[in-house]
Amino acid sequence: MGPLTFTGAAVEPLWRGLDLDVRPGEFLAVLGPNGVGKSTLLGVTLGLRRLTAGRVTATDAIGYIPQQRMFDPDLPMRVRDLVSLSAAHG
């Protein structure tokens, strides 16, 4: 079991029966159209939203990069640089 595991997870009516295991060192990108449950999935992962079924286990080693810009838009930074910041801090 990795640092993030969903087993039979559901948040009705958005999704159900979700089985997902993100292993150490893996990255997960959540993509899709509006209204399919991306923000809900992240909310459940961060403990901000409850499941209607199943379970989720997550360690404190989960990193989250929100949509809002936290950096000056003129700051020259590649995605690789941003990811290395999280790796450098645990």
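Numbered according to the working numbering, the sequence shown spans residues 1115 to 1204.
Note that beta-carbon positions come from the ideal geometry of N, C-alpha and C, so glycine has one too.
As the structure is a computational prediction, the values presented were derived from the model and not from experiment.
Buried versus exposed call for residue i [16 or more other C-beta atoms within 10 Å across all chains shown]
i, result
"V1144", "exposed"
"V1158", "buried"
"L1142", "exposed"
"L1207", "Look at the range of the chain in this structure, 1115 to 1204, and you will see that residue 1207 is not part of it."
Presumed contact (8 Å Cβ cut-off) between residue i and residue j, rounded CB distance
i, j, result
"L1128", "V1150", "7 Å"
Under 8 Å between C-beta atoms of residue i and residue j
i, j, result
"D1124", "G1168", "The question names Asp, but residue 1124 in the sequence shown is Ala. Taking 8 Å as the Cβ cut-off, A1124 and G1168 qualify as a contacting pair."
"G1205", "R1137", "What is shown of the chain runs 1115 to 1204, which leaves residue 1205 out entirely."
"T1166", "E1126", "yes"
Spatial distance of residue i from residue j (CA atoms)
i, j, result
"L1189", "D1195", "11 Å"
"R1192", "D1186", "13 Å"
"S1153", "Y1178", "12 Å"
"L1155", "P1147", "14 Å"
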